[in-house]
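*Asks:* Next up is a structure, given as structure tokens.
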Amino acid sequence: MTFQPPEPFTPHTRASPLTAPWEPIYADLREDRWVLGLEAREVHANSRGGPHGGLIAALADNAMGLSCGVRMRREGLACGGLVTVSLGVDYLAAPSLGQWLEFDTDFIKPGRSLCYAEATVRADGRPVARARGTFKVV
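This is the structure we're talking about:
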């Protein structure tokens, strides 16, 4: 049986060499942000058999950066791209393999040179991490 992501998620089109081994990753591109998601599988596991914290940090970073770009363009601010200046993650609970992980940016404060964002990571709807990022506008 093939995994089907929840509606309205579709395959993520912004693949990178870092995330390629983690595919398939899914995206829900909304008017004001990107929400990323994936089914936690063995390729995402740490030595204890759960999704690795590095995976959670990297995808939260990705979702927040993409969301900052959406918000900046929507507000008419110039944005040729963004690079992460600072990233912090608080792990609240341990997700399990087989769960749907969702990376939702729920706060964005854009500026001319920096953009700030916060995200909640959920496993089957339950918060498992909070992330904060600062991004330099290039």
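Residue numbers for the sequence shown follow the numbering used here, beginning at 2 and rising by one. Just so it is clear, CB atoms sit at the ideal spot from N, CA and C, and this is done for glycine as well. No experiment lies behind these values; they were computed from the predicted model shown.
#1: How would you call residue 63, buried or exposed, if buried means at least 16 neighbouring beta carbons within 10 angstroms?
#2: Restricting to Cα atoms, I'd like to know which of 36, 124, 18, 74 is closest to residue 12.
#3: In or out: residue 193 buried (at least 16 other Cβ within 10 Å) or exposed?
#4: Which of the three DSSP states, helix, strand or coil, is assigned to residue 44?
#5: Taking 8 Å as the cut-off, decide whether the C-beta atoms of residue 70 and residue 60 are in contact.
*Replies:* Working from what's here:
#1: When all chains shown are included, residue 63 counts as buried.
#2: For residue 12, the nearest C-alpha among the options comes from 36.
#3: In the structure as shown, the chain starts at 2 and stops at 139, and residue 193 therefore has no counterpart that could be examined.
#4: Three-state DSSP puts residue 44 in a helix.
#5: No, the Cβ-Cβ distance between residue 70 and residue 60 is not below 8 Å.
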